[in-house]
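Protein chains in written order, with my numbering: chain S, 2 to 278; chain X, 126 to 453. The beta-carbon is built from N, C-alpha and C at its ideal position, and this holds for glycine as well. What follows is a single structure, written as structure tokens, with notes after it.
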Amino acid sequence: MKLLGRKTMLNPLNIIVLIKQVPDIEKVRFDYDKGRLDRGSAEATTNPFDLNALETAVQIKEKVGGVVTAISMGPENAIETLRDALARGADKAVLLTDIKFAGADTLATSYTLSCAVKKIGLFDLLVCGEKSVDGDTAQVGPEVAEFLGIPHVAYVEEVLEVKATEITVKSRFDEKSYLVKIRFPSLITVTKDVNVPRLPTLKDKLRSRKAEVTVWNASNLLDVAEEQLFGLTGSATWVAKVYAPSADKRKCQIIGGTLEEKSKKIAEVLAKLGVLR
Amino acid sequence: MVEKGGVLVFAEQNDGKIHPVSYELLGKGRSLADNLGVKLSAVLLGHSIQQKASDLIHYGADIVYIYDHQFLADFDVVQYSQNIVRLVKETDPNIFLLGATRIGRTLAPRVAAALRTGLTADCVDLILDENGKLVQIRPAFSGNIMAQVKTRTKPQMATVRYKVMKTNVKDVSRSGKIILKTAEILSNTGIQILEKTETKSVNLVEANVIVSGGRGLKSPGDFVLLNELAQLLGGVVGSSRPLVDSGWISKDRQVGFSGFTVKPKVYVACGISGSPQHLFGMRDSDTIIAINKDASAPIFNVADYGIVGDIYEVLPILIHELKKMKKG
Numbered sequence: 002m003k004l005l006g007r008k009t010m011l012n013p014l015n016i017i018v019l020i021k022q023v024p025d026i027e028k029v030r031f032d033y034d035k036g037r038l039d040r041g042s043a044e045a046t047t048n049p050f051d052l053n054a055l056e057t058a059v060q061i062k063e064k065v066g067g068v069v070t071a072i073s074m075g076p077e078n079a080i081e082t083l084r085d086a087l088a089r090g091a092d093k094a095v096l097l098t099d100i101k102f103a104g105a106d107t108l109a110t111s112y113t114l115s116c117a118v119k120k121i122g123l124f125d126l127l128v129c130g131e132k133s134v135d136g137d138t139a140q141v142g143p144e145v146a147e148f149l150g151i152p153h154v155a156y157v158e159e160v161l162e163v164k165a166t167e168i169t170v171k172s173r174f175d176e177k178s179y180l181v182k183i184r185f186p187s188l189i190t191v192t193k194d195v196n197v198p199r200l201p202t203l204k205d206k207l208r209s210r211k212a213e214v215t216v217w218n219a220s221n222l223l224d225v226a227e228e229q230l231f232g233l234t235g236s237a238t239w240v241a242k243v244y245a246p247s248a249d250k251r252k253c254q255i256i257g258g259t260l261e262e263k264s265k266k267i268a269e270v271l272a273k274l275g276v277l278r
Numbered sequence: 126m127v128e129k130g131g132v133l134v135f136a137e138q139n140d141g142k143i144h145p146v147s148y149e150l151l152g153k154g155r156s157l158a159d160n161l162g163v164k165l166s167a168v169l170l171g172h173s174i175q176q177k178a179s180d181l182i183h184y185g186a187d188i189v190y191i192y193d194h195q196f197l198a199d200f201d202v203v204q205y206s207q208n209i210v211r212l213v214k215e216t217d218p219n220i221f222l223l224g225a226t227r228i229g230r231t232l233a234p235r236v237a238a239a240l241r242t243g244l245t246a247d248c249v250d251l252i253l254d255e256n257g258k259l260v261q262i263r264p265a266f267s268g269n270i271m272a273q274v275k276t277r278t279k280p281q282m283a284t285v286r287y288k289v290m291k292t293n294v295k296d297v298s299r300s301g302k303i304i305l306k307t308a309e310i311l312s313n314t315g316i317q318i319l320e321k322t323e324t325k326s327v328n329l330v331e332a333n334v335i336v337s338g339g340r341g342l343k344s345p346g347d348f349v350l351l352n353e354l355a356q357l358l359g360g361v362v363g364s365s366r367p368l369v370d371s372g373w374i375s376k377d378r379q380v381g382f383s384g385f386t387v388k389p390k391v392y393v394a395c396g397i398s399g400s401p402q403h404l405f406g407m408r409d410s411d412t413i414i415a416i417n418k419d420a421s422a423p424i425f426n427v428a429d430y431g432i433v434g435d436i437y438e439v440l441p442i443l444i445h446e447l448k449k450m451k452k453g
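The following block contains the structure:
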């Protein structure tokens, strides 16, 4: 990140990063008969896109001064994901955990997260990863922005300048690249291209073991939220069925023979497909 | 008279040009609307874009709502979403579809949250159940599973992946209603576009043929070989992630979960073993040809034709054969 900005600002920025704990997508297996993933097959880890979001926030803090708060909604053991965030440079961490939050779709998740942000109160910038590797929706960031009534820019690939009241970013939408100035308070979602997340040092890891993580359950949010909008009851969508992708396997015809014969056969296939120029 | 309970499609435009995914949505929307016995509408926001309305009708829309304003020329998520939210409240559609482009996926969640309705991302198919409810089919877990999602609120909203749905043949005899709406405009949304540049990237998604290289390549220079094959086939060169991460080739060539999802007519995988993340991005290609030394490589599970062999031996001969054919 080529970040320009004043070394310190009069008022340090309050930056909030939304983080999700996910199963390790490289290792996870699926039980297609039961239509669900085998939770025991992979360890829980931090959503990789969220590490880019956290790194963005920490780099901004290091450049211009500020406080980075990480928020995560999930089961009790998601506290590990927040400890990892603290080791990687977050200053504060809030875990939203309650059986009432469970079974939430993107609408209920975004609502709950936005309530936690409201409860925290003052903030300048919210940073989210582009999407999560398990849900793949890329919806929670923009939905949180709507619930908070703030502007947002998605798919941020570079942060160029941070001032006391605004941030300038580069975002790419399909074939066009946009240089965009967005005022605070606002939200950005960042892609994997925005930076390379740092690895926590052993010292930071040890420090984070002892760091305090604020834990809020549903009752803690009731001054800013309506309980029936959390979790399953607040969800507008439901998964009717899960199955293995059908297009996964094809009957592959392995071409045999000598090198020349193999190549000739493939050349014929390509000619037949009408792609030979 | 406003038609309520219909199917609404977001017509996406960039610099006044309609994104082809919008026509695909009209194709799918047309069949959904016909099955439900309702009208198909499209909403188009932009500046001086009124002449595009007839195209939308020719591709299937019954009604086109136009919001024409200079502040809508470029996509501004706040301006766009507030006008669309107002239209949805007024016309009360049952189903609302947007393209799963970056613009669609930026806009749709805001609209859904404002309407407090459900939204299903990046659908690859849409069908109706026995009660006329929308069944939204999408991959999840980086493409490892498929999920069927239903929505209990209205409208049932979904973003739909580009190049999955079929565009109807343009029918210039179709007629429809064009309704000009007054745009509600904020003088300052907090978002200001300072500069807009075309990215000079290769358009993998639009390519007819992709010749991709993987870890079987020994050096960055060897992409020349793949490029020669791609040229003969009128295609472009793609890559799996490791080579992009190593800086051998630019990110705009990356096929896979963290790169592009492609669906060319022909995909030639050269020295690609086929990680789930790579397969996610290419397995819907019409014809897949795999060349790999390792006969047990997962790429062969999704391929139509396979050669077990060294790409450094196979490719030069294949290129030679193709050149011969071309002459003959």
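Work out the CA separation of residue 305 of chain X and residue 177 of chain X for me, nearest whole Å.
13 angstroms
At the level of alpha carbons, what is the spacing between residue 251 of chain X and residue 159 of chain X?
So the alpha carbons of these two residues sit roughly 14 angstroms apart.
Helix, strand or coil: which one does DSSP assign to residue 299 of chain X?
Coil.
With a cut-off of 8 angstroms, do at least 3 Cβ pairs link the segment 129-147 of chain X to the segment 211-224 of chain X?
yes
Would you list, in chain order, the members of the segment 271-292 of chain X that have their beta-carbon closer than 7 angstroms to a beta-carbon of chain S?
271, 272, 273, 274, 275, 276, 277, 278
Minimum length 3: unbroken beta strand (DSSP E) runs contained in the segment 397-444 of chain X
412-417, 430-433
Smallest Cα separation from residue 421 of chain X: which of X/441, X/400, X/273?
X/400
DSSP-derived helix/strand/coil call for residue 94 of chain S
strand
Return helix, strand or coil for residue 85 of chain S, following the three-state DSSP convention.
helix
contact_flag[the segment 78-86 of chain S, the segment 180-189 of chain S] where n(CB pairs < 8 angstroms) is 3 or more
no
Report the rounded CA-to-CA distance for residue 303 of chain X versus residue 151 of chain X, giving the unit in angstroms.
15 angstroms
Evaluate residue 51 of chain S with the Cβ neighbour count: other Cβ atoms within 10 Å of its Cβ, from every protein chain shown; 16 or more gives buried, anything less gives exposed.
buried
Kindly list, in the order they appear in chain X, the residues whose Cβ is closer than 7 angstroms to that of residue 199 of chain S.
Within 7 angstroms Cβ-Cβ: nothing; residue 199 of chain S doesn't reach chain X, min ~17 angstroms.
Go ahead and pull the three-state DSSP assignment for residue 385 of chain X.
Assigned with DSSP and collapsed to three states, residue 385 of chain X falls in strand.
Nearest neighbour of residue 269 of chain S, chosen from X/450, X/228, X/272, X/327 [CA to CA]:
X/450
Rounded separation between residue 279 of chain X and residue 76 of chain S - CA only:
30 angstroms
Once the 5 residues before and after residue 359 of chain X are set aside, which same chain residues still bring their CB inside 7 angstroms of it?
333, 334
On the DSSP letters alone, give me the boundaries of the beta strand (DSSP E) that residue 247 of chain X sits inside.
244-248
Which term fits residue 219 of chain X, buried or exposed, when burial requires 16 or more other beta carbons within 10 angstroms of its beta carbon?
buried
Kindly list, in the order they appear in chain X, the residues whose Cβ is closer than 8 angstroms to that of residue 60 of chain S.
Within 8 angstroms Cβ-Cβ: nothing; residue 60 of chain S doesn't reach chain X, min ~20 angstroms.
Should residue 137 of chain S and residue 283 of chain X be called a contact, given that it needs their Cβ atoms to be closer than 8 angstroms?
Cβ distance not < 8 angstroms, so residue 137 of chain S and residue 283 of chain X don't count as in contact.
Would you kindly check if the distance between the Cβ of residue 173 of chain S and the Cβ of residue 56 of chain S is under 8 angstroms?
Not a contact, by the Cβ cut-off of 8 angstroms.
According to the Cβ coordinates, are residue 151 of chain S and residue 68 of chain S closer than 8 angstroms?
No, the pair does not count as a contact, with Cβ atoms beyond the cut-off.
Secondary structure of residue 2 of chain S, DSSP reduced to three states
Here the model assigns residue 2 of chain S a pLDDT of 42, short of 50, so the residue's position is not dependable, and the following value carries that caveat. In the structure shown, residue 2 of chain S sits in coil (DSSP, three-state: anything other than H, G, I, E or B).
Any C-beta of chain X within less than 7 angstroms: which residues of the segment 174-192 of chain S qualify?
Those would be 174, 175, 176, 177, 178, 179, 180, 181, 182, 183, 184, 187, in chain order.
Quick one: is residue 419 of chain X near chain S, going by C-beta distance under 8 angstroms?
no
What are the residues of the segment 420-451 of chain X that lie near chain S, defined by any Cβ-Cβ distance shorter than 7 angstroms?
425, 426, 427, 428, 429, 430, 431, 432, 433, 434, 438, 439, 442, 443, 446, 447, 450, 451
Any C-beta of chain X under 8 angstroms from that of residue 116 of chain S
So, not an interface residue.
Can you list, in chain order, the residues of its chain with a C-beta nearer than 6 angstroms to that of residue 276 of chain X? Leave out the 5 residues immediately preceding and following it.
Answer for residue 276 of chain X: 243, listed in chain order.
Closer than 7 angstroms at the beta carbon, the chain S residues around residue 135 of chain X
Neighbours of residue 135 of chain X on chain S: none; closest Cβ ~14 angstroms, over 7 angstroms.
So residue 277 of chain X is in the alpha helix (DSSP H); what residue range does that whole segment cover?
No alpha helix (DSSP H) holds residue 277 of chain X; DSSP gives it neither H nor E.
Give, in chain order, every unbroken run of the alpha helix (DSSP H) that is at least 4 residues long and sits entirely within the segment 118-198 of chain S.
Segments of the alpha helix (DSSP H) lying fully in the segment 118-198 of chain S: 141-149.
Residues bridged to residue 265 of chain X (per DSSP):
DSSP lists X/270 as partners of residue 265 of chain X.
Contact list for the segment 331-363 of chain X against chain S, Cβ threshold 8 angstroms
333, 334, 356, 357, 358, 359, 360
Would you kindly check if the distance between the Cβ of residue 447 of chain X and the Cβ of residue 350 of chain X is under 8 angstroms?
For residue 350 of chain X and residue 447 of chain X, no; Cβs fall outside 8 angstroms.
Less than 8 angstroms between the C-beta atoms of residue 88 of chain S and residue 206 of chain S, yes or no?
yes
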